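Reading through the structure tokens given below for one structure.
There are 4 protein chains.
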Amino acid sequence: MVRLKFSIQLAYQVLDRTCDFIFNIQPACTDRQRVLAESLSISQPLAFQTFMHDSEGGRYLRLQAHAGPLEVIYQGAVEIDHHMEDPAVLREMPVSDLPLDALCYVYPSRYCQSDKLRALANYEFGAMTPGYYRVLAIQEWVNRRTRFLSGSSGSTTSALDTLIDHAGVCRDFAHLMIGLCRALNIPARFVSGIDYGADPSLGATDFHAYVEVMLSGRWYLFDPSGVAPPMGLVRLGTGRDAADVAFATVFGSVVSESPRLEIEALVDVENGVYLPVYHHQALSSAGLEVSAFRELAG
Amino acid sequence: MVRLKFSIQLAYQVLDRTCDFIFNIQPACTDRQRVLAESLSISQPLAFQTFMHDSEGGRYLRLQAHAGPLEVIYQGAVEIDHHMEDPAVLREMPVSDLPLDALCYVYPSRYCQSDKLRALANYEFGAMTPGYYRVLAIQEWVNRRTRFLSGSSGSTTSALDTLIDHAGVCRDFAHLMIGLCRALNIPARFVSGIDYGADPSLGATDFHAYVEVMLSGRWYLFDPSGVAPPMGLVRLGTGRDAADVAFATVFGSVVSESPRLEIEALVDVENGVYLPVYHHQALSSAGLEVSAFRELAG
Amino acid sequence: MVRLKFSIQLAYQVLDRTCDFIFNIQPACTDRQRVLAESLSISQPLAFQTFMHDSEGGRYLRLQAHAGPLEVIYQGAVEIDHHMEDPAVLREMPVSDLPLDALCYVYPSRYCQSDKLRALANYEFGAMTPGYYRVLAIQEWVNRRTRFLSGSSGSTTSALDTLIDHAGVCRDFAHLMIGLCRALNIPARFVSGIDYGADPSLGATDFHAYVEVMLSGRWYLFDPSGVAPPMGLVRLGTGRDAADVAFATVFGSVVSESPRLEIEALVDVENGVYLPVYHHQALSSAGLEVSAFRELAG
Amino acid sequence: MVRLKFSIQLAYQVLDRTCDFIFNIQPACTDRQRVLAESLSISQPLAFQTFMHDSEGGRYLRLQAHAGPLEVIYQGAVEIDHHMEDPAVLREMPVSDLPLDALCYVYPSRYCQSDKLRALANYEFGAMTPGYYRVLAIQEWVNRRTRFLSGSSGSTTSALDTLIDHAGVCRDFAHLMIGLCRALNIPARFVSGIDYGADPSLGATDFHAYVEVMLSGRWYLFDPSGVAPPMGLVRLGTGRDAADVAFATVFGSVVSESPRLEIEALVDVENGVYLPVYHHQALSSAGLEVSAFRELAG
């Protein structure tokens, strides 16, 4: 079990008379990620709404700000109880066993054009034994050939671009790995979050993006960027790719400051709470999800 | 009200020992589209599962076929009770009023890269008064500049390609219109179906693809390809773009024959059942949907 | 006739032990552009070579610099004697009359993918009467829909990107116009230069890029970016697109400062030397060129 | 020395009233490729022009055909005297030694976007020792990862597409290899031709495309498609990529039949004329070329 205490501080100058924001900065609430305490502070006196996704537990804060400065500060602490598994037993699932809810994570999406990556994925990974270790090989391949380089990509950069540019930031690593997995019919999705233990040489603490891959019926964590132990990820949003889970979606004209994030790990050895570390076991932090489909009687 | 009776006949030669199929050929069940009668026949003696999406009512047939010929025949009749509205009163919704479920239809998707279409959409449509008639102008713009040309596009063709190629089939028209709407923050989604009354010069009856745009809180039908009256569409699937709603997704090696479709309209004037026609009112056939989000107490 | 006196000052910090440079900063020598005086100064004591293209008169300075600072200063004055023509008499040439040397300017190139722009070019301009005014319409179309925005494009930006981005700098305007002309089988090429009279709101004097289109057997000047009168352009290089005529091609690792350019127009009314102005006549500054082909006896 | 006798038969149905054609089906005349005999037959009674490129010796046939059938038949025999070299002595040239005429073969072109391939080329080949064997490694890499598949590519397919599709025909293999060489500042160009000894499993004799790479001051032959011994290539055209050297460029509306080609090798052992074979030595068939540049006195 890990406990992480963190704060996220966002600051904007709103240029329009009013401007709509949708934030995804509150940690998701699932049966594996429990919020221990939290507070939210918004510098303008305004009404806001908070929504939670029924199945994935992601939380969305919607508000309409007025012209002038806007500051949003979230502080919280979460406890994450990872499911761990021996990688050797984790299987890629035949399509006939996949839950229908996982299918949208096999299909191509804006930044993960798996339909175009089939030939490449088969050339590089087609001959390997399916399972956790093939997915790990994909992660390693992406990590090895891609340089982590701030500013090398932007909001329209996709997996195909990253493949050719050989450079990107965490979301680009994630998109390329997701695209390759889907090209092999392996469900893969995008997790946004903040994380503990990032390599400080890669700059100050920032939002992070990971990959989840479905193996043997459960979503397992992978981080192709390799900048931090997956165990230290606090889940904010879950989606097909970065199009779904921006930490802030802004409908209007603003000047943004760089987000300021802080995170620390709490340790309580007596109660089984440890520092996040790199781990040889497969890790899953996804909670139980409610299916959007029901089976009809034959 | 319209009543449509139709059949869909699919034929494959399965080359692998087994092959997984997911079909989306049964009409969706919603409170605006009621199935009056139906039958399904599968030429191989095998088990299959049928699933229904809780919210949109789309139905998915999953089966694993064996090597050799496979024929799937669906026959059914549906009654569709369209909501009609005066176009002049239909407004584009401010983001602050959008249901959160609609947001994924504002974000870019595989074939509708609205993030790249912002400059174009603003150049062409930015100065127009928001509302139904702006959306209609987008539909007309797509229709006028795109040539309907069988074989001019393929499974990787996206809205950007269609923009440049000036040619495509119904799904390409739909992708381009959806991309442009989203670029203006107007929720737009993809509907697959079969339809009555298509221009026979465009070839035999085939699957069709339409657009739905959210205006004043409801999804309205648009057909940028212009080949058939939207009133005659039978809804099969609803999604972000064609990646989500193929009529058949095949995981394995097969030879496919062209689908064979037949459709006829039933008329019962006494009971208010008429032929599908082009109509000057705005039409909606989307049923009530269950939100995937719930609002949390402030 | 115009006379322009100008200086170009380039400064680099060479990081490698040695670094090869090819500069194209000396004005081309043609029978329409005469060099009146010039000087070249290179801050490192090194040998260099100057080459001239036999046909187009472009000059190339090649040198190998050592680690440390490198400054190259060119100062010169040229006299340009434009050919002027009544636009109404200028015809697009049938392919059967085109010189073979012009064909490479009909074919697609790196940044001007005219093969992909055929449908668009025909949709927008196909119905217009061929001739100078159709080319002018293309220039206006590019100018109107593209925003001049420093930093909006880069070294891999092509005509297709500019078409979609609706923004760029002078080279992007030129690429899009060239691509559209070629898509209609009109020979069009890229001219790099410096120019007099640029709109100062677009920033300090910088290198510029123009378009030349062959009409009635001669290359005429067009500036789709509209920032300066074409009459004030000093030709440096001529090529298919920006790939051919960079002002500096650097093979090695350097830090570059922004180029510093100055230009002034000399007036000598008695001798027919005037200020460069916008002119309603078609202007050509291309010299006589030597064909690379010779006709064989039938 | 090899001697090859061949015929090329092209057939069209011209749909427009007149239609311009430019053919590049006559073998180039260079000091290494000598035409021994030839004949040309054109089914319509019309005037035509033949041009030869001064430097590369490529020949271009221009004619304007009338509506109706058009058949063009070329028959000829050539003798090719290859320069052979020990691969181990062939060096990549420093930029400071490159002839300026070679620079346009270092720059990116329509189908060989070397500017986008720099990161990839450095990742895959950057650590290898420069020279013939590095170029051979590039050839092998392209050959191994690309499937020869008729119909898998088209007239807009570029090196970037082939990189991702892992499939193509000879011109696509050539474009990818050229793009990678240029990305490493190695001059590389495109040769079109017909060739003797192609693997018959790849279909009937067809036009072929090869690569030439400049090493130690001379252009050497490489065939990344691997379908035939480079020694058996008859050079038709030489250019930056396929945009420059189509065997037929058609300006108008026609229906084309598949070209019909025949080729046989003549052997005359006494006079040193042998069958074309795969050879371990580096082969060059490029003639002496006239520079388009002249050096100016310092």
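Chains as they are written, first to last, in our numbering: chain A, 1 to 298; chain B, 1001 to 1298; chain C, 2001 to 2298; chain D, 3001 to 3298. Think of the CB as a built atom: it goes at the ideal place given N, C-alpha and C, for glycine as much as any other residue. Just so we're clear, the structure is a prediction, and the values are computed from it rather than from any experiment.
Asked, Found
"Short CB-CB distance (under 8 Å) between residue 2175 of chain C and chain D", "no"
"CB contact check: residue 3095 of chain D to chain C, cutoff 8 Å", "yes"
"When B/1196, B/1289 and B/1238 are compared against residue 1274 of chain B, the one with the closest alpha-carbon", "B/1196"
"Buried versus exposed, by CB contacts within 10 Å (16 or more), residue 1017 of chain B", "exposed"
"According to DSSP, residues forming a beta bridge with residue 1017 of chain B", "Residue 1017 of chain B is not bridged to any residue."
"C-alpha distance - residue 1306 of chain B paired with residue 239 of chain A, whole-angstrom precision", "With chain B covering 1001 to 1298 only, the question about residue 1306 of chain B has no answer from this structure."
"Rounded C-alpha distance that separates residue 1249 of chain B from residue 1064 of chain B", "12 Å"
"Three-state secondary structure assigned by DSSP to residue 175 of chain A", "helix"
"Chain A contact for residue 3116 of chain D (CB, 8 Å cutoff)", "yes"
"Contacting residues, own chain, Cβ-Cβ under 7 Å from residue 2989 of chain D (five flanking each side not counted)", "What is shown of chain D runs 3001 to 3298, which leaves residue 2989 of chain D out entirely."
"Straight-line Cα distance separating residue 25 of chain A from residue 3188 of chain D", "51 Å"
"Residue 220 of chain A, enclosing beta strand (DSSP E) - first and last residue", "218 to 222"
"Expected contact under 8 Å - CB spacing of residue 3103 of chain D and residue 2051 of chain C to nearest Å", "That belief does not hold up - the Cβ atoms of residue 3103 of chain D and residue 2051 of chain C are roughly 10 Å apart, past 8 Å."
"Contacts of residue 2108 of chain C in chain D (Cβ-Cβ under 8 Å)", "3110 and 3243"
"Collapsed DSSP secondary structure at residue 1001 of chain B in the structure displayed", "coil"
"Nearest to residue 1278 of chain B (by Cα), restricted to the options B/1213, B/1231, B/1294 and B/1251", "B/1231"
"Residue 75 of chain A to residue 207 of chain A span [Cα, whole Å]", "15 Å"
"Nearest-angstrom Cα separation, counted from residue 2205 of chain C out to residue 2153 of chain C", "18 Å"
"Start-to-end residues for the alpha helix (DSSP H) that takes in residue 2138 of chain C", "2132 to 2145"
"Cβ-heavy atom distance, residue 2270 of chain C to the ligand FAD, below 7 Å", "The ligand FAD is absent from the structure shown, which contains no ligand whatsoever."
"Beta-carbon spacing of residue 1254 of chain B, residue 1014 of chain B below 8 Å", "yes"
"Residues, ordered as in the chain, of the region 213 to 234 of chain A that lie near chain B by beta-carbon distance below 8 Å", "none"
"Beta carbon proximity, residue 105 of chain A to chain B, threshold 8 Å", "no"
"CB contact check: residue 1113 of chain B to chain A, cutoff 8 Å", "yes"
"Cβ-Cβ separation, residue 1032 of chain B to residue 1287 of chain B (assumed contact under 8 Å), whole Å", "5 Å"
"Helix, strand or coil at residue 270 of chain A [DSSP, three-state]", "helix"
"Within-8 Å CB hit, residue 46 of chain A to chain D", "no"
"8 Å Cβ cutoff, residue 120 of chain A in contact with chain D", "yes"
"Short Cβ contact (8 Å threshold) for residue 178 of chain A with residue 92 of chain A", "no"
"Whole-number beta carbon distance between residue 2006 of chain C and residue 2164 of chain C, since they are thought to touch under 8 Å", "Not really, about 35 Å apart at Cβ, beyond 8 Å."
"Cross-chain neighbours of residue 1049 of chain B in chain A, by beta carbon under 7 Å", "295"
"Contact list for residue 2123 of chain C against chain B, beta-carbon separation under 8 Å", "1145 and 1166"
"Buried or exposed by the 16-neighbour rule on C-beta atoms within 10 Å, applied to residue 41 of chain A", "exposed"
"Partners in chain C for residue 1160 of chain B, counting only beta-carbon separations shorter than 7 Å", "2164"
"Rounded distance between the beta-carbons of residue 3037 of chain D and residue 3235 of chain D, thought under 8 Å", "Contact doesn't hold; Cβ gap of about 17 Å is too wide."
"CB contact check: residue 100 of chain A to chain B, cutoff 8 Å", "yes"
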